[in-house]
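Residue numbers (my numbering): 242 to 671.
Glycine included, every Cβ here is placed at the ideal spot set by N, Cα and C.
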């Protein structure tokens with residue numbers, strides 16, 4: 242039994258949050274009206290029609306609050322001229338309260354406050370001076386009469402010349418204040434939930450915009466890190482093949498890089514067309530760890546650089562305290578930055594004709610896995626740009642990677658010292 246009650250309560254709360262505040266308020270009003278009609282039925286057919294019209298208005302109010310809110314108040318005001326029975330007065334209060342909630346929800350601002358004041362004045366003035374029926378005025382009269390009756394039962398002597406009921410002016414002022422308090426509370430309630438709904442809509446819009454910006458940045462990374470880097474490598478391989486008699490290995494590398502770049506271009510096109518998600522994870526495949534991914538990239542890039550005639554080496558040292566899988570954002574950032582470091586070597590470090598640099602050194606790429614920190618250092622001597630890449634625009638790859646590294650709490654620094662380009666990155670793993 243307790244399980245069914247708890248499950249029913251959860252379903253009710255889910256429905257309450259999904260349907261919206263105005264719909265919930267009108268539903269509560271309808272629930273209050275139905276037993277009122279059953280246990281205290283209207284005394285005349287006209288009263289019954291008015292009560293049914295109020296229920297219909299509450300049903301339709303969530304769908305057209307801007308129309309039914311202002312239009313329903315004159316109908317409620319007209320209903321105050323009916324019989325004046327207690328069920329009728331309570332029904333008018335319920336419907337008008339929901340109408341004021343709708344007005345505060347649909348018309349936030351000083352206009353709602355003006356409606357509250359005008360309706361309260363009109364209701365009480367017509368009740369005091371022209372015979373209409375107001376729940377606020379009736380409440381004041383009932384309270385005063387009850388206070389007088391209680392005083393008489395206790396033997397309290399009323400003041401000299403005291404009437405059993407307050408005068409018209411006192412009734413009008415007190416009734417107006419009570420009506421304004423109740424209606425104003427309903428308007429403020431509707432306004433607060435309207436503001437909350439607006440804030441939630443803005444938050445959802447901001448999250449959607451942030452998602453679009455993040456998606457565009459990831460696409461930019463994908464295009465730059467893969468396509469642009471592959472094109473640079475292909476250009477260098479083609480340039481290198483001119484001076485090699487047996488160019489079979491270089492042609493195979495060109496084909497491999499071209500195929501990889503073409504696949505990435507199709508991935509970007511599919512993402513832009515909405516045919517696939519950006520880098521969807523494959524839960525069935527076992528993702529390699531970060532050190533394995535780094536070793537694979539180093540081996541592949543060293544092979545290509547040596548094929549292009551570059552001299553240098555790559556090295557990975559140390560261990561991390563926790564395993565980082567290849568589909569983790571940290572691993573994606575590290576591997577993308579590592580590939581960018583190799584791409585910069587291809588772009589900006591011309592291979593020497595004899596396979597060695599003037600000072601006997603070449604490029605160096607080192608990744609140090611130090612517990613909770615990953616350190617990446619890449620160096621290469623700077624020389625004149627090779628003819629094949631002269632005049633080619635290289636974009637802002639490092640700035641994109643700096644943003645990604647800093648988003649993880651790390652830092653990326655680059656600079657030139659004694660003719661050597663130096664890239665240092667420090668990325669925490671937690």
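- Short check: CB of residue 650 to CB of residue 610, under 9 Å? The count along the chain shown starts at 1 and reaches residue 650 at position 409. The count along the chain shown starts at 1 and reaches residue 610 at position 369. Their beta carbons are not under 9 Å apart, which means residue 650 does not touch residue 610 by this criterion.
- Message: Less than 9 Å between the beta carbons of residue 332 and residue 368, yes or no?
- Response: Counted from its first residue, the chain shown places residue 332 at position 91. Counted from its first residue, the chain shown places residue 368 at position 127. Their beta carbons are not under 9 Å apart, which means residue 332 does not touch residue 368 by this criterion.
- Rank 615, 563, 590 by C-alpha distance to the C-alpha of residue 552 and give the top, closest one. The residue given as residue 552 occupies position 311 in the chain shown. If we check each option's Cα against that of residue 552, 590 comes out closest.
- Anticipated Cβ contact below 8 Å, residue 549 with residue 492, distance rounded: Along the chain shown, one-based indexing puts residue 549 at 308. Along the chain shown, one-based indexing puts residue 492 at 251. So it is not a contact: roughly 14 Å between Cβ atoms.
- Task: Could you have a look at residue 615 and say whether DSSP puts it in helix, strand or coil?
- Result: In the chain shown, the residue the question calls residue 615 occupies position 374. Strand, per DSSP.
- Query: In angstroms, rounded to a whole number, what distance separates the CA positions of residue 647 and residue 349?
  - Reply: Along the chain shown, read from residue 1 onward, the residue named residue 647 stands at position 406. Along the chain shown, read from residue 1 onward, the residue named residue 349 stands at position 108. Cα-Cα distance, rounded: 42 Å.
- Item | Beta-carbon spacing of residue 290, residue 309 below 9 Å | On the chain shown, residue 290 is found 49 positions in, with the first residue counted as 1. On the chain shown, residue 309 is found 68 positions in, with the first residue counted as 1. Not a contact, by the Cβ cut-off of 9 Å.
- What residue does the beta strand (DSSP E) around residue 349 start on, and which one ends it? Counted from its first residue, the chain shown places residue 349 at position 108. No beta strand (DSSP E) contains residue 349, which DSSP labels as neither H nor E.
- Item | Complete alpha helix (DSSP H) runs within the region 358 to 446 (minimum length 4 residues, chain order) | 376 to 394
- Put residue 475 into one of helix, strand or coil per three-state DSSP. Counting from one through the chain shown, the residue named residue 475 turns up at place 234. Residue 475 falls in the helix class under three-state DSSP.
- Among 653, 671, 263, 586, which one has its Cα closest to the Cα of residue 542? Taking the first residue of the chain shown as position 1, residue 542 is located at position 301. The residue with the shortest Cα to Cα distance from residue 542 is 586.
- Task: For residue 621, count neighbouring C-beta atoms within 10 Å of its own C-beta (all shown protein chains included) and say buried if the count is 16 or more, exposed if not.
- Result: Numbered from its first residue, the chain shown carries residue 621 at position 380. With 16 or more other Cβ atoms within 10 Å, it is buried.
- Buried or exposed: residue 640, going by 16 or more other Cβ atoms within 10 Å of its Cβ? One-based indexing of the chain shown puts residue 640 at position 399. Classification of residue 640: exposed, given that the 10 Å Cβ count is below 16.
- Message: Considering Cα atoms alone, identify which of 355, 604, 584 is closest to residue 554.
- Response: On the chain shown, residue 554 is found 313 positions in, with the first residue counted as 1. Measuring from the Cα of residue 554, the nearest candidate turns out to be 604.
- Contact check, residue 336 vs residue 421, beta carbons under 9 Å: For the purposes of this step, residue 336 is taken as the residue at position 95 of the chain shown. For the purposes of this step, residue 421 is taken as the residue at position 180 of the chain shown. Not in contact: residue 336 and residue 421 (Cβ atoms no closer than 9 Å).
- Item | Inter-residue CB distance, residue 334 and residue 376 (contact presumed, cutoff 8 Å) | For this step, residue 334 is matched to residue 93 along the chain shown. For this step, residue 376 is matched to residue 135 along the chain shown. 5 Å between Cβ atoms; contact.
- Cutoff 7 Å; reference residue 464; Cβ partners in own chain excluding five residues on either side: Here residue 464 refers to the residue found at position 223 of the chain shown. Contacts found: 509.
- Query: DSSP beta-bridge partners for residue 665?
  - Reply: Numbered from 1 along the chain shown, position 424 holds the residue referred to as residue 665. Answer is 618, 654, bridged to residue 665.
- Hey, would you say residue 670 sits closer than 9 Å to residue 561, going by beta carbons? Mapped onto the chain shown, residue 670 falls at position 429. Mapped onto the chain shown, residue 561 falls at position 320. Yes, these two residues count as a Cβ contact at 9 Å.
- Item | Own chain partners of residue 579 with C-beta closer than 6 Å, once the 5 adjacent residues on each side are dropped | As a first step, residue 579 is located in the chain shown; it is residue number 338 there, counting from the start. Excluding residues within five positions, the ones whose Cβ falls inside 6 Å are 538.
- Return the first residue and the last residue of the beta strand (DSSP E) that residue 314 is part of. Along the chain shown, read from residue 1 onward, the residue named residue 314 stands at position 73. Where residue 314 is concerned, there is no enclosing beta strand (DSSP E), although the alpha helix (DSSP H) it sits in stretches over 306 to 320.
- Query: Nearest CA to the CA of residue 266: which residue from 322, 459, 346?
  - Reply: Here residue 266 refers to the residue found at position 25 when the chain shown is read from its first residue. Residue 266 has its Cα closest to that of 346, out of 322, 459, 346.
- Taking the DSSP output, what are the residues bridged to residue 506? Here the question's residue 506 lines up with position 265 in the chain shown. Checking the DSSP bridge columns, you'll see residue 506 has no partner listed.
- Message: Quick check on DSSP: helix, strand or coil for residue 597?
- Response: Your numbering for residue 597 matches position 356 in the chain shown. Unreliable placement is indicated for residue 597, whose pLDDT of 48 sits below 50; the coordinate value is still reported in the next sentence. DSSP places residue 597 in the coil class of the three-state scheme, outside both helix and strand.
- Identify, in the order they occur along the chain, each residue of the same chain with its Cβ nearer than 8 Å to the Cβ of residue 460, setting aside the five sequence neighbours on each side. Stepping through the chain shown from its first residue, residue 460 is reached at position 219. Taken in chain order, the residues that qualify are 509, 512, 513, 519.
- Message: Taking the alpha carbon of residue 434 as the reference point, which residue from 615, 617, 264, 614 has its own alpha carbon closest?
- Response: As a position in the chain shown, residue 434 is number 193, starting the count at 1. Answer by Cα proximity: 264.
- Can you check DSSP and say which residues form a bridge with residue 640? Here residue 640 refers to the residue found at position 399 when the chain shown is read from its first residue. The partner list for residue 640 (beta bridge, DSSP) is empty, contrary to what the question assumes.
- Under the rule that 16 or more other beta-carbon atoms within 10 Å means buried, what is residue 248, buried or exposed? In the chain shown, residue 248 corresponds to position 7, counting from 1. Counting Cβ neighbours within 10 Å, residue 248 comes out exposed, since fewer than 16 surround it.
- Query: What number of angstroms, rounded off, separates the C-alpha of residue 661 from the C-alpha of residue 581?
  - Reply: Here residue 661 is taken as the residue at index 420 of the chain shown, counted from 1. Here residue 581 is taken as the residue at index 340 of the chain shown, counted from 1. Looking at the two C-alpha atoms, the distance is approximately 17 Å.
- State yes or no: is the C-beta of residue 344 within less than 9 Å of the C-beta of residue 301? Counted from its first residue, the chain shown places residue 344 at position 103. Counted from its first residue, the chain shown places residue 301 at position 60. Cβ distance not < 9 Å, so residue 344 and residue 301 don't count as in contact.
- Query: Are there 16 or more other CB atoms within 10 angstroms of the CB of residue 451, so buried, or fewer, so exposed?
  - Reply: Here residue 451 refers to the residue found at position 210 when the chain shown is read from its first residue. Classification for residue 451: exposed.
- Message: Using a Cβ-Cβ cutoff of less than 7 Å, which residues in the same chain neighbour residue 494 once the five nearest sequence positions on both sides are dropped?
- Response: Taking the first residue of the chain shown as position 1, residue 494 is located at position 253. Only 478, 545, 548 meet the Cβ criterion.
- Please list, in chain order, all residues of the same chain as residue 270 whose beta carbon is under 8 Å from its beta carbon, the five residues on each side excluded. Counting from 1 along the chain shown, the entry for residue 270 is found at position 29. Taken in chain order, the residues that qualify are 299, 335, 336, 338, 339.
- Query: beta strand (DSSP E) containing residue 659: first to last residue?
  - Reply: The residue given as residue 659 occupies position 418 in the chain shown. No beta strand (DSSP E) contains residue 659, which DSSP labels as neither H nor E.
- Query: Which word fits residue 374, buried or exposed, when buried means at least 16 other C-beta atoms lie within 10 angstroms of its C-beta?
  - Reply: Counted from its first residue, the chain shown places residue 374 at position 133. Residue 374 is buried by the Cβ-count criterion.
- Just the Cα atoms here: how many angstroms apart are residue 682 and residue 441? Residue 682 falls outside the range modelled here, since the chain spans only 242 to 671, and no answer is possible.
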